[in-house]
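Okay, so here's the structure we're looking at.
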Amino acid sequence: RLKMDYLDLYLIHLPVTMKKKVNSKDDEMRFDKEDIIPFDMRGTWEAMEECCRLGLAKSIGVSNFACIKLSQILHYATIPPAVNQAREDVRVLQGKRNTYECMVSTWS
16 RLKMDYLDLY LIHLPVTMKK KVNSKDDEMR FDKEDIIPFD MRGTWEAMEE CCRLGLAKSI
76 GVSNFACIKL SQILHYATIP PAVNQAREDV RVLQGKRNTY ECMVSTWS
């Protein structure tokens, strides 16, 4: 559907799965606990690694992942995340960010 041969960067947007038609209550991405359903992070990452091996993605990474979630991926990844994209806002201090061997990209 994208009508292209490959993606330069393919990201997991959030380390959770949401029920369909759930809208954030505000720009802070806060959701009720009952709106979150189990997420197969390992299976998703392995499928993204396969996209790299097939040449469908040049690089893979994550977005909105806390350090603990990123470290979980690194335990089983054969292709480590190239990017950790995270929110950067002067009103929201993030603490430690790039303790892993991947680039950091920010959004606000």
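For the sequence shown, the working numbering begins at 16 and goes up steadily by one. Even glycine gets a Cβ: it sits at the ideal position worked out from N, Cα and C.
{"query": "Can you confirm whether the segment 55–65 touches the segment 75–91 when touching is taken to mean that 3 or more C-beta pairs between the two stretches lie within less than 8 Å?", "result": "yes"}
{"query": "Which word fits Pro53, buried or exposed, when buried means at least 16 other C-beta atoms lie within 10 angstroms of its C-beta?", "result": "exposed"}
{"query": "Give me whichever residues DSSP pairs with Met33 in a beta bridge.", "result": "Ile51"}
{"query": "Pull up the distance between the alpha-carbon of Arg99 and that of Phe80, whole angstroms please.", "result": "The identity of residue 99 in the sequence shown is Asn, whereas the question assumes Arg. Taking the straight line from one Cα to the other gives about 7 Å."}
{"query": "Would you kindly work out how many angstroms separate the C-alpha atoms of Ile83 and Tyr21, rounded to a whole number?", "result": "30 Å"}
{"query": "What is the rounded straight-line gap between the Cα of Thr59 and the Cα of Tyr91?", "result": "12 Å"}
{"query": "If we call anything under 8 Å between Cβ atoms a contact, is Lys34 one with Asp55?", "result": "no"}
{"query": "Using beta carbons (cut-off 8 Å, strictly below), is Pro95 in contact with chain D?", "result": "Note that chain D does not occur in the displayed structure, where there is just one protein chain."}
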